[in-house]
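So the structure is just underneath, and the comments pick up after that.
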Amino acid sequence: MANTTLQKLEKLDRRWVFLAMAIAVAAPLFFKLGLAPKTTPPVKAFYDYIEQLPPGSRVLCSFDYDPGSKAELNPMCVSVLRHIMLKGHKPVILTLWSTAPALIERNINEVCRDEFGKQYGVDYVYLGLKEGREAVMVAMGKSIRSTFPTDFYGTPLDNLPLMNGVENYSSFALLINVSAGYPGTKEYVQYVTSRFAIPMLSGSSAVSVPEYSAYFQSGQLRGLLTGITGAAEYEALIGKPGLAITAMDGQTMGHFVIIFFILFGNLIFFINRRSKGRA
Amino acid sequence: MLLKSASFALIVVALTACAFAQNDSAIVVLGQGAAPTQVLVVDPPNDGGEKLDVSWTPTAQPGFDILKYEVLAAEAAEGPFKVLAEGDHKMTSSVITSGNGLRLEHDHPYYVKVVAIDSTSLAVPDSTNPDSVVVRFEKRLRRSESAVAGPFVPRAAWFNMNRLNILLLVLAFYFAVMFMVRRAKAGANIQFRRIAGIDAIDEAIGRATELGKPVMYVPGTQNIENIQTIASIQLLTSVAAKAANYDIPIIVPLNRAFMVTVAEEAVKQGFLNAGRPDAYMRDNIRYLSDEQFAFTSGTTGIMMREKTAAHFFLGAFYAESLILSETGFVAGAIQIAGTANTHQLPFFVVACDYTLIGEEYFATSALVTRDVEMMGTLKATDYMKAFIIACLLASLVLEMLGVQFLRSWFQVI
Amino acid sequence: MKREIPILITLVFGVFMIVQFFIPHPAVNDIANRLQNWAIIVISFSYVLGSANILRINGELVYRRAPGWPYKLVLVIAFFTMATPGLILGIAEGSWTNDRLFTFTYVPLASTMYASLAFYIASAAFRAFRVRTWQASVLAITALIVMLGRIPVSHFIWQDLPGIVDWIMGVPNAVAQRGILIGAALGAIATGLKVILGIERSYLGRE
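Chains as they are written, first to last, in my numbering: chain S, 21 to 299; chain A, 686 to 1098; chain L, 3 to 209.
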């Protein structure tokens, strides 16, 4: 009887796992734990690079994610814009993902216009979407003006003071890419950073961390934010706690659930194996 | 009296300087004070003639609190000069390119000057009483300009020597491929290790045949210009031919509109190769959506509704990999995955029966088709990898000995 | 000729794009930029092609009353529901299309699908991390360390835990990643070369 129960537990219906995960992730919405992560070196490097730029530096931001990855990457995008505004830099923002423009526009308006009261065209510019993936990345290396003749709202770039003198990547002190996949950080590293000699910072979804860590180690990325944990560390560094820090409670509980099930699964597995051995 | 005259003279000098200033609040001083000296302009090699390297020596005179430097260029010595670069007080060199309305092009002459901007206290008269000798001191920006240097003519290079290393590697790879393809065509015995995932292709299709259920083939979620997708299309033809041999349907859900024609042609070719063009069903090549998760839910829906018995996930995958493969696992299908997207490999490994990792995936099309040209290319890839491993080991030893030439040779610019 | 001409076009443009990488002179670079702009335009057309394909394939299935045709009908209706207001009312922030259709409908749907990964990861981990062999034990123990080390309370559990996680990610993980990346990159270069040289022709369709 006991053996049958154990065997059943070893092949536990995955819906129980789903239920446990749902409870673990949802519970912190009602009972806040207020967990803040410790800063890791890639996040510190990201923060430091923006800090050391002379105020007023032009920064090219490519925010490449979609509504699916909004929960993970939007807090990162907002924090990057906040940090840029806090330091008085001037972002020129674009996206290569077709479902991103509305998400990015909302963030820009919330942070640059409403929170910091900056003037569009003078302190920040939104170029919007250009389809073409790697071809767009390389084309911007020759001329941003011919790649984006107008901004997101249809205004010619010549009418935007911030775009005066902007020709290509060399007109920017830094490239920041927040990306959920293709096209994103990997393609910018492969096609842009070395070829056009522009320093780059990246924020990516957590699943890409193992791959992009290699780029950070080799210096091809000057800083790296990874998933919601990276965003939370960054929020703590810039002193503007936001959604990422709030989400850390849920993520921590989620990790504990997975750890519990790994241990539980192995415990049942060992007991079953021992009973089979005795039998 | 002396103080009064000196003050007056100071005011005159200051006002004259202000008259020459480029903006309301700055004073301009030419070739003196904080002005940089020895402005050196060099045409950098290996570029398209669209850059100039400018360096300068900061003033040797003490007492200047330099705030920043500006590098200006113009097409004529008399201007108009445009600011093409700026930087803080530590800056002593800069690379200038087109900008600010001035286009730097090859074979055109340009004139360059460098401006140091510092802050100074300036004595100004009391505006409320013009007769008064009392002055007050105001902080003003002072622009100290170097002498105009030039003309400099940037030249465009016909070869970027910094990329010689890449060219040599590309040529070496090309000749290795050509050599191995020739050897393969000449009948040389080219051996490769067995890859379990390839052997499993027949097993998976056989299983689907036993169950009388369709096979599903997902060629990744990227467009035809993606190298992984191209490799997948070759495999699709082979898998379609095997499915046609066993007379079972093959369903191909697609994430990109351009892929529809390509996939249709690949499957048709497979059915043709198997001698069963009549069994080809166009309805089974299904373009679902360009949107990642709409495609994912559409594909998992097909798995659950049509009970596909064998799944092939071969191509470039992202966040959809685990959802697809876990759903397939729950549906009880035999699953073979392959991708060069390393961050998705762990998900395929836990949920699929066989996973082709990185280069194994690219090798599969050659090993499945046994095409001699492809086998030759694959062998050349192996030799290239052996060469890179040898370079890495040599570099490791040389680094430990303090010799860095190999590492710097591999540096791509 | 059906295959020879495309192979010739691929060869000429492929070789040119490789060669232009080594020649910075504007005479060559300007042509390369023009070709890249063509690529941008062609890729942009994929949206038009995608819309046409959606309507052609699903419309045909609905017309023929093929199995599952009501689902196809829902898809076609959803397509027009999303596209028509966008074309008529615009997509500016605050517009009905942006707020109702994009922000309050599409964004939650897409986020839900992405979030479901958490459930799949939990069930896959429960099933996969069984320490049947010593290799599986190493994998499971490493996974536990990394998961514990990535949470905010990790340094309370053990002060050195975050450091150990950094080492795992920076040394064994990065080494393995680079190995796979180099191999995969070579495979990709070889496939690219096969396409340019016409050895790989499957993407062109039937012989």
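We treat Cβ as the ideally placed atom computed from N, Cα and C, and that holds for glycine. For clarity, every value in this text was computed on a predicted model and none was experimentally measured.
Across the region 137 to 153 of chain L, CB contacts with chain S closer than 9 Å involve Ala142, Ala145, Leu146, Met149, Leu150, Arg152, Ile153, in sequence order along the chain. When the Cα atoms are used, Ile198/L and Glu71/S turn out to be separated by approximately 46 Å. With a contact defined as Cβ atoms closer than 8 Å, Leu119/L and Ile279/S miss out at about 17 Å. Bounds of the alpha helix (DSSP H) holding Ala85/L are 71 to 91. When 8 Å is used as the limit between beta carbons, Arg941/A is near these residues of chain L: Ser48, Gly52, in chain order. The three-state secondary structure of Thr135/L, taken from DSSP, is coil. Around the beta carbon of Val50/L, fewer than 16 other beta carbons sit within 10 angstroms, so the residue counts as exposed. Contact annotation for Val37/S against chain L: Phe121, Ala124, Ser125, Phe128 [CB-CB distance below 8 Å, chain order].
Between the beta-carbon of Arg827/A and that of Ala719/A there is about 7 Å, and that keeps the pair under the 8 Å contact cut. Within the region 167 to 222 of chain S, the complete alpha helix (DSSP H) runs of at least 4 residues fall at 205 to 208.
Contact check between the region 976 to 990 of chain A and the region 952 to 962 of chain A: fewer than three CB pairs, one atom from each, fall below 8 Å, which does not count as touching. Near chain L, meaning a CB-to-CB distance below 7 Å, the residues of the region 820 to 850 of chain A are Ala841, Ala842, Trp843, Phe844, Asn845, Arg848. For chain A, the residues of the region 178 to 192 of chain S that bring a beta carbon within less than 9 Å of one of its beta carbons are Asn184, Gly185, Val186, Glu187, Asn188, Ser190, Ser191, in chain order.
Using a Cβ-Cβ cut-off of 8 Å, Ile182/L counts as an interface residue toward chain A, since at least one Cβ of chain A sits closer than that to its own.
Taking a contact to require three or more Cβ pairs closer than 8 Å, the region 230 to 238 of chain S and the region 169 to 177 of chain L qualify as touching. Beyond the five residues adjoining it in sequence on each side, Ala252/S comes within less than 6 Å, by CB distance, of Pro57, Ala264, Ile265, Met268 in the same chain, given in chain order. Between Phe1014/A and Ala1036/A, the beta carbon gap of about 5 Å places them in contact (Cβ cut-off 8 Å). Just so you know, the alpha carbons of Lys31/S and Leu849/A end up roughly 59 Å apart. If the five residues before and after Phe281/S are omitted, its C-beta is found closer than 8 Å to the C-beta atoms of Val37, Ala40, all from its own chain and listed in chain order. Apart from the 5 residues on each side of it in sequence, Ser224/S sits with its Cβ closer than 6 Å to the Cβ of Ser199, Thr205, Tyr232 in its chain, given in chain order. Judged by pairs of C-beta atoms under 8 Å, the region 884 to 903 of chain A touches the region 987 to 996 of chain A, as three or more such pairs exist. Contact annotation: Ala841/A and Tyr796/A have beta-carbon atoms that are not nearer than 8 Å. Under the Cβ distance rule, Asn731/A counts among the residues neighbouring chain L, one pair being separated by less than 8 Å. Within the region 69 to 92 of chain S, those residues whose Cβ lies closer than 8 Å to any Cβ of chain A are, in chain order, Pro74, Asp86, Gly88, Ser89. If you check the CB distance, Glu1045/A and Gly1023/A come in under 8 Å. In this structure, the alpha-carbon of Leu245/S lies about 46 Å from that of Gln954/A. Residues of the region 770 to 781 of chain A with a Cβ closer than 8 Å to any Cβ of chain S, in chain order: Gly772, Asp773, Val780. Between Asn1026/A and Phe980/A, the CB-CB gap reaches or exceeds 8 Å. Taking C-beta separations shorter than 7 Å and ignoring five residues to either side along the sequence, the partners of Ser1010/A in its chain run Phe998, Gln1020, Ala1022, Phe1032, Phe1033, Ala1036, Cys1037, following chain order.
When secondary structure is reduced to three states using DSSP, Lys90/S falls in the helix class.
Classified as exposed, Ser166/S has fewer than 16 neighbouring CB atoms from the shown chains inside 10 Å of its CB. When the Cα atoms are used, Phe168/S and Leu287/S turn out to be separated by approximately 59 Å.
Here Ser1050/A is buried. Its C-beta has 16 or more other C-beta atoms within 10 Å.
Residues of chain A with a Cβ closer than 8 Å to the Cβ of Val227/S are, in chain order, Ala1004, His1028, Gln1029. DSSP, read as helix, strand or coil, puts His275/S in helix.
Phe66/S sits away from Pro121/S, with the two beta carbons spaced by 8 Å or more.
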